[in-house]
Amino acid sequence: MDPILLEERKKKALKIIKKLKELFPQSKIALNYSNNWELLVAVELSAQCTDKKVNEVTEALFKKYKTLNDYVHADPRAFEKDIHATGFYRNKTKNILAAAKMVQERFGGVVPKTMQEMLEIPGVARKTANVVLGSAYGVVEGIAVDTHVIRLTRLLGLTSESNPVKIERDLMEILPKKEWLEFTYRLIDYGRAYCPARAHNHAQCPLSTIS
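Position 118 of the sequence shown, counted from 1, bears residue number 118 in UniProt numbering, the numbering being contiguous throughout.
Here's what the structure looks like:
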């Protein structure tokens with residue numbers, strides 16, 4: 001990145017962070033879970049699905065499948081029905097049930113604590129790994145880039161990239177590391193509260209005046 005552009009983006013990012021903290025001092029993950037395995041399941045289910053819908057599905061799912069072992073021995077057809085409402089249910093079923101076996105057999109039943117190990121798990125790319133590592137263990141190795149983050153960081157001029165990995169790299173250059181985890185959740189809350197994807201007057205959005 002051009003050094004001048006980098007400095008401009010760093011300054012703008014700090015202003016955006018300050019405003020987001022004022023608007024959303026308590027931002028956190030919106031998914032419901034009671035242990036690290038359930039967190040991983042919920043994040044995998046959230047692909048192309050709203051957190052609200054995932055929480056509706058997991059309310060029943062986590063009562064039916066109480067342990068990692070329940071997922072290891074789950075019937076795929078039944079599991080597909082259980083998560084059908086989240087969309088892409090066949091692929092999600094394949095990934096989650098395969099992930100359960102890997103976590104049990106390879107990682108001793110414990111969701112791993114490193115990016116390298118997380119990325120070995122079926123259905124896990126950097127976004128999922130960042131969310132799980134940060135929320136489960138406070139391990140911050142990157143920035144979770146979902147559809148909200150892609151749309152809003154481009155809109156706000158923090159990146160010109162469209163590839164999530166490249167966007168993450170840009171953001172890691174301009175955001176202080178201590179802000180990486182909560183930046184995603186604050187931006188998601190901002191998108192929902194003020195700047196949705198549907199057409200609206202961006203001039204009314206609180207961050208629109210920051211330059």
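Beta carbons: idealized from backbone N, C-alpha and C, even for Gly.
Euclidean distance between Cα positions of residue i and residue j
i, j, result
"Val110", "His200", "44 Å"
"Lys15", "Trp37", "36 Å"
"Arg154", "Lys113", "30 Å"
"Gly87", "Pro3", "43 Å"
"Thr209", "Thr93", "44 Å"
"Lys127", "Gly157", "21 Å"
"Leu61", "His84", "11 Å"
"Ile188", "Asn69", "33 Å"
"Ile150", "Pro122", "23 Å"
"Ser135", "Asn91", "24 Å"
"Leu171", "Thr159", "7 Å"
"Glu44", "Arg9", "31 Å"
"Leu175", "Leu152", "15 Å"
"Ala30", "Met118", "21 Å"
Where residue i falls, given that 16 or more other Cβ within 10 Å makes a residue buried
i, result
"Tyr33", "buried"
"Ile143", "buried"
"Val103", "buried"
"Gly108", "exposed"
"His148", "buried"
"Thr50", "exposed"
"Asn95", "buried"
"Leu6", "exposed"
"Glu105", "exposed"
"Glu59", "exposed"
Check whether residue i and residue j have beta carbons under 8 Å apart
i, j, result
"Glu80", "Tyr89", "yes"
"Glu141", "Asn130", "yes"
"Ser46", "Val54", "yes"
"Val145", "Pro164", "yes"
"Ile17", "Glu179", "yes"
"Tyr137", "Ser27", "no"
Same chain only: Cβ atoms within 7 Å of residue i, ignoring 5 sequence neighbours per side
i, result
"Leu23", "Tyr190 and Pro206"
"Tyr194", "Cys205 and Pro206"
Sequence-distant residues of its chain with Cβ nearer than 8 Å to residue i (five each side left out)
i, result
"Ala74", "Tyr65, Leu97 and Ala100"
Residue i, DSSP secondary structure in three states
i, result
"Phe62", "helix"
"Gly191", "helix"
"Thr114", "coil"
Contacting residues, own chain, Cβ-Cβ under 6 Å from residue i (five flanking each side not counted)
i, result
"Met115", "Ala129 and Glu141"
"Glu168", "Gly142, Ile143 and Val145"
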